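Residue 49 in the working numbering is what sits at position 38 of the sequence shown, and the numbering runs on without skipping anything. Heads up, the beta-carbon is just placed ideally off N, CA and C, and yes, glycines get one too. Remember, predicted model here, so these are calculated numbers, not experimental data. In what follows, a single structure is set out as structure tokens and then discussed.
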Amino acid sequence: MSTDPLSLTFAALADPTRRAILARLSEGESSVKELAEPFAMSLPAVSKHLKVLERAGLITRGREAQWRPCRLDPGPLQDVSEWLEHYSRFWDQSLGRLDEVLRAIKAKPPGEPGV
Numbered sequence: 012m013s014t015d016p017l018s019l020t021f022a023a024l025a026d027p028t029r030r031a032i033l034a035r036l037s038e039g040e041s042s043v044k045e046l047a048e049p050f051a052m053s054l055p056a057v058s059k060h061l062k063v064l065e066r067a068g069l070i071t072r073g074r075e076a077q078w079r080p081c082r083l084d085p086g087p088l089q090d091v092s093e094w095l096e097h098y099s100r101f102w103d104q105s106l107g108r109l110d111e112v113l114r115a116i117k118a119k120p121p122g123e124p125g126v
């Protein structure tokens, strides 16, 4: 597996359980036990998911006495958003050109050769 930050982020986001954990953490910090509650899996399995998220920089884990709260770190998600923005502009431009072609087709009189 590649270790560049964007690849790590996409690999972490590829799993629906990890996406659900991030969605939960977007509401505020939580313990491993609290994060595990909605899933039909063991605490060690949830911990493995958390390690993937932590390796990707998507979460941080603190230590407060016996409680180890997990927190969302949105930095890598911002990097993904910036990477996707390039493709968003591409699709906007492509769809804009398609819209122009469709308008030209609609505007031509019936029986006239194509655009």
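| query | result |
| --- | --- |
| Pair within 8 Å by beta-carbon distance, L69 and T20 | yes |
| Cut-off 7 Å between Cβ atoms - residues of its own chain near D90, not counting five sequence neighbours on either side | P16, L17 and T20 |
| Per-residue DSSP class, three states only, for R72 | strand |
| Delimiting residues of the beta strand (DSSP E) encompassing R79 | Note, R79: premise wrong, no beta strand (DSSP E); not H, not E. |
| For S41: DSSP bridge partner residues | C81 |
| Endpoints, alpha helix (DSSP H) assigned at K9 | Nothing can be reported for residue 9: it is not among the residues displayed for the chain, which extend from 12 to 126. |
| Beta carbon of W78 nearer than 8 Å to that of S41 | no |
| Distance, V112 Cα to R82 Cα | 48 Å |
| E65 beta carbon less than 8 Å from that of R74 | no |
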